[in-house]
Amino acid sequence: MATTVYHVVCRDCNVESLVDTETAAEQLVDSHVTESDHTVEFDRVD
Ligand SMILES: [Zn+2]
Numbered sequence: 117m118a119t120t121v122y123h124v125v126c127r128d129c130n131v132e133s134l135v136d137t138e139t140a141a142e143q144l145v146d147s148h149v150t151e152s153d154h155t156v157e158f159d160r161v162d
């Protein structure tokens, strides 16, 4: 079973993180958007 990694990156500052679940990625996006009002995206990295 391949390891899936999610790459979370902010378009408006240098916040960037790798997490291993989509849920964790969404939580990081939500918390950063809430605290900073930045544009944050994540992509799955296979
Ligand atoms: Zn940011």
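Using my numbering, you'd call the opening residue of the sequence shown number 117 and step up by one each time. Every residue gets a Cβ at the ideal spot worked out from N, C-alpha and C, and that includes glycine. Please read all numbers here as calculations on a predicted model, not as lab measurements.
- Give the range of the beta strand (DSSP E) segment to which ASP159 is assigned. Indexing the sequence shown from 1 puts residue 159 at position 43. Per DSSP, ASP159 belongs to the beta strand (DSSP E) from 156-161.
- Member of ARG160, ASP162 and ASP153 whose CA lies at the smallest distance from the CA of ASP128: Here residue 128 refers to the residue found at position 12 when the sequence shown is read from its first residue. When only C-alpha atoms are compared, the closest one is ASP153.
- Message: Less than 7 Å between the beta carbons of HIS123 and VAL161, yes or no?
- Response: To locate residue 123, count along the sequence shown from 1; it is residue 7. To locate residue 161, count along the sequence shown from 1; it is residue 45. In this structure, VAL161 lies closer than 7 Å to HIS123 by Cβ.
- Message: Using a 10 Å radius around the Cβ and a threshold of 16 neighbouring Cβ atoms, would you call LEU134 buried or exposed?
- Response: Taking the first residue of the sequence shown as 1, we reach residue 134 at position 18. With fewer than 16 Cβ atoms within 10 Å of its Cβ, LEU134 is classed as exposed.
- Which value, in whole angstroms, describes the spacing of the CA atoms of ALA140 and ASP146? For this step, residue 140 is matched to residue 24 along the sequence shown. For this step, residue 146 is matched to residue 30 along the sequence shown. For ALA140 and ASP146, the distance between alpha carbons rounds to 10 Å.
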